[in-house]
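Novice:
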Amino acid sequence: MTSIRSALALSLAAVSLALATPPGSAAGASASGAGVAGTSTARTSAVGARAEGAPAVTAEEARLDRPAPREILRRSGFDSLAPRFADALSDAGSFAAAERTVARYGSGLWRRAVDRAQGRGGAGGGLSRDDDRPLYWSRLALTRELRAWQPRFGIQEEGRARLLDRLERASRGQDSIRYPAGKGVKRILLTGFDPFTLDRDTRISNPSGATALALDGTWLRTSDGSLARVETTVFPVRWQDFADGTVERTLRPHLPEVDLFTTVSQGRPGRFDIERTNGAWRGGFPDNENLSRTEPVPVDDPGTQPQWTTTTLPYTAITAASTGRFPVYDNTSVTELPAGSDTPVVRPGGPTPGSTARAGGGGNYLSNEIAYRATLLRDRLGLNRLPGGHVHTPVLDFGSGNTDPATGTVTDATFVRNRLDIIAQVRAIVAVAAGAR
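Given below as structure tokens:
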């Protein structure tokens, strides 16, 4: 993936590296619709009237009031969750009761999104089941209600932060990763991301998040005939959450028990990439809170932090296999400061000795960072033989007649077909990787 500097010199469409470098376009537009999430005719919502002294909404939460998120929630049947959550919070008579409510609604949201994606229960509306966006916007509707909630018993901001963290983790599947006991089953861990670049287009979906919903808790037959169980989770597109250790906290308990892990994000148009090398650098592209960070990737024990980490996914087997309609590449390129130099240089064949990272194969945004963190954690845990690394999916495009942000609809047949094809190909890639010897 190109660096921030080089990406800005190209057209947006040509450098759409979702969760990599400044993404271009999964094509996008706003859409009209009705059905406001997080409101209720029976009560005063967080949207309608905020209690005095209540925290302000975040930049992510503020986007809920735009037409496309409202329509996505309405057409998936998820628009009723936030009002019910707010009512349940208002009935909580203690912090412990509120914590139980938050845990129940968070885990329930994750399970409902997974069930919907995998064909269980009602679809809730006309939006296709493979869609990851109802989960994203519903979570924000719940966090907005929780941020505005003013309980009778009073709450300190430390307590509210604890509840928000519980809601985030539960609604992302981060605390529900479970593998069957016993031998004879391979265990696979896969991660996805939220949609992002939503100020450009609030309709955007992220195929990595959709893949996580489609594969969570499923079984697959690997290329060597083994049976494998897949568990998944979804991460936010926020610099601070990564600095706070959300990746390590989620993955550390599970890496020693799995046979393969892969982080997944949206990447370049029309192709998959197996990213060979990950760099310890944040390039500064704004996150979903419109915050920017340009600095070394912040990790524990920075004194032993390497500039580069490397995939242990079987990239030769993956790129040689027939996994779907999109080509799959072994991407070895990085951007570095050569030893003794302060001028960035693109190295198509990978980093040179003593160089300083400025972009991994997956760029210098959060896709590179999750790959860096996950593979660094692998190495620090002494799991050097564990297959793991990063897969970049193609950009998820809308249909050719549905690309104008001012007039576009929230979905179309091409958009759905592209997402389904990407999900199926990720599954096939994982099956090849887990069966490679």
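Last residue of the sequence shown: number 509 in our numbering, and the count goes up by one each step with no gaps.
C-beta: ideal position from N, C-alpha, C; glycine also.
Which runs of the beta strand (DSSP E) fall wholly inside the segment 417-488 and span at least 3 residues, in chain order?
Specialist: As far as the segment 417-488 is concerned, its whole beta strand (DSSP E) runs of at least 3 residues are 417-419, 428-431, 460-465.
Novice: Taking 8 angstroms as the threshold, find out whether the segment 476-485 comes into contact with the segment 443-456 through three or more Cβ pairs.
Specialist: Too few Cβ pairs lie closer than 8 angstroms, so no.
Novice: My assumption, with CB atoms under 8 angstroms, is that T263 sits in contact with F314. Please give the rounded CB distance.
Specialist: Rounded, the Cβ-Cβ distance is 12 angstroms, inconsistent with contact.
Novice: In the DSSP assignment, the alpha helix (DSSP H) including W221 goes from what residue to what residue?
Specialist: W221 -> no alpha helix (DSSP H), and no H or E assigned at all.
Novice: Please go through the same chain and pick out, in chain order, the residues whose beta-carbon is closer than 6 angstroms to the beta-carbon of I227, but skip the five residues on each side of it.
Specialist: Counting only Cβ-Cβ distances below 6 angstroms, and skipping sequence neighbours, we find nothing.
Novice: Looking only at its chain, what residues have a beta carbon closer than 7 angstroms to the beta carbon of Y444, apart from the 5 residues adjacent to it on each side?
Specialist: So the qualifying residues of the chain are N350, G351, A352, V369, T381, G432.
Novice: Count Cβ pairs between the segment 403-411 and the segment 319-331 that sit closer than 8 angstroms; are there 3 or more?
Specialist: They do not touch, by the three-pair rule.
Novice: Note the first and the last residue of the continuous alpha helix (DSSP H) segment covering Q312.
Specialist: Element bounds for Q312: 311-315.
Novice: Should E132 and E361 be called a contact, given that it needs their Cβ atoms to be closer than 8 angstroms?
Specialist: Contact: yes.
Novice: Report back the beta-carbon spacing between F357 and F398 to the nearest angstrom; my notes put them in contact at under 8 angstroms.
Specialist: Not really, about 24 angstroms apart at Cβ, beyond 8 angstroms.
Novice: How about I346 and N403: do their beta carbons lie closer than 8 angstroms?
Specialist: Their beta carbons are under 8 angstroms apart, which means I346 touches N403 by this criterion.
Novice: By alpha-carbon positions, which one of S148, D476, R172, S166 ends up nearest to R205?
Specialist: For the residues S148, D476, R172, S166, the minimum Cα distance to R205 belongs to S148.
Novice: Taking its Cβ as the centre, do 16 or more other Cβ atoms sit within 10 Å of S472, making it buried, or is it exposed?
Specialist: Classification of S472: exposed, given that the 10 Å Cβ count is below 16.
Novice: Starting from G231 and walking both ways along the beta strand (DSSP E), at which residues does that stretch end?
Specialist: It is not in any beta strand (DSSP E) - G231 instead sits in the alpha helix (DSSP H) that spans 229-243.
Novice: For the 8 angstroms Cβ check, are there 3 or more pairs between the segment 281-296 and the segment 180-187?
Specialist: Counting Cβ pairs under 8 angstroms, three or more are found: they touch.
Novice: For the putative contact between V242 and S179, defined by C-beta atoms under 8 angstroms, what is the C-beta separation to the nearest angstrom?
Specialist: The question names Val, yet the displayed sequence has Ala at residue 242. The pair is a contact, with the Cβ atoms about 4 angstroms apart (cut-off 8 angstroms).
Novice: Could you check whether T274 and R491 sit closer than 8 angstroms to each other, using their CB atoms as the reference points?
Specialist: Cβ distance not < 8 angstroms, so R491 and T274 don't count as in contact.
Novice: Could you tell me if G461 is buried or exposed, where buried requires 16 or more neighbouring beta carbons within 10 angstroms of its beta carbon?
Specialist: Classification for G461: buried.
Novice: Which complete alpha helix (DSSP H) runs does the segment 125-205 hold, if anything under 4 residues is left out?
Specialist: As far as the segment 125-205 is concerned, its whole alpha helix (DSSP H) runs of at least 4 residues are 131-134, 139-148, 153-163, 167-189.
Novice: Secondary structure at P370, three-state DSSP: helix, strand or coil?
Specialist: Here P370 sits in coil by DSSP.
Novice: Where do the N-terminal and C-terminal ends of the beta strand (DSSP E) with L292 fall, by residue?
Specialist: Its beta strand (DSSP E) spans residues 290-293.
Novice: Closest by CA to L468, which one among Q379, P267, T388, F333?
Specialist: Nearest option by C-alpha distance: P267.
Novice: Which residue from G434, I144, S248, T376 puts its Cα closest to that of R340?
Specialist: For R340, the nearest C-alpha among the options comes from G434.
Novice: Just how far apart, CA to CA, sit R301 and R310?
Specialist: Going by the C-alpha atoms only, they are around 29 angstroms apart.
Novice: L327 and R499 - do their beta-carbons sit closer together than 8 angstroms?
Specialist: No, Cβ-Cβ distance for R499 and L327 is not below 8 angstroms.
Novice: For D414, which of P420, G421, G426 has the nearest alpha-carbon?
Specialist: Answer by Cα proximity: G426.
Novice: Going by the CB atoms, is the gap between L145 and D151 shorter than 8 angstroms?
Specialist: Contact: yes.
Novice: Could you have a look at V498 and say whether DSSP puts it in helix, strand or coil?
Specialist: Helix at V498.
Novice: Going by DSSP in three states, V504 sits in which element: helix, strand or coil?
Specialist: Residue state, collapsed to three classes: helix.
Novice: Give the straight-line distance between the Cα atoms of T290 and K258, rounded to the nearest whole angstrom.
Specialist: T290 and K258: Cα-Cα distance of roughly 12 angstroms.
Novice: Starting from I260 and walking both ways along the beta strand (DSSP E), at which residues does that stretch end?
Specialist: Where I260 is concerned, the enclosing beta strand (DSSP E) stretches over 257-265.
Novice: Who are the Cβ neighbours of T215 in its own chain at under 7 angstroms, not counting the five residues just before and after it?
Specialist: So the list reads E133, L236, L239, once near-sequence residues are dropped.
Novice: Take T384 as the anchor and find which of E329, R250, R457 has the nearest alpha-carbon.
Specialist: Answer by Cα proximity: R457.
Novice: Please tell me whether A505 and G396 are closer than 8 angstroms, where the distance is taken between their beta carbons.
Specialist: No.
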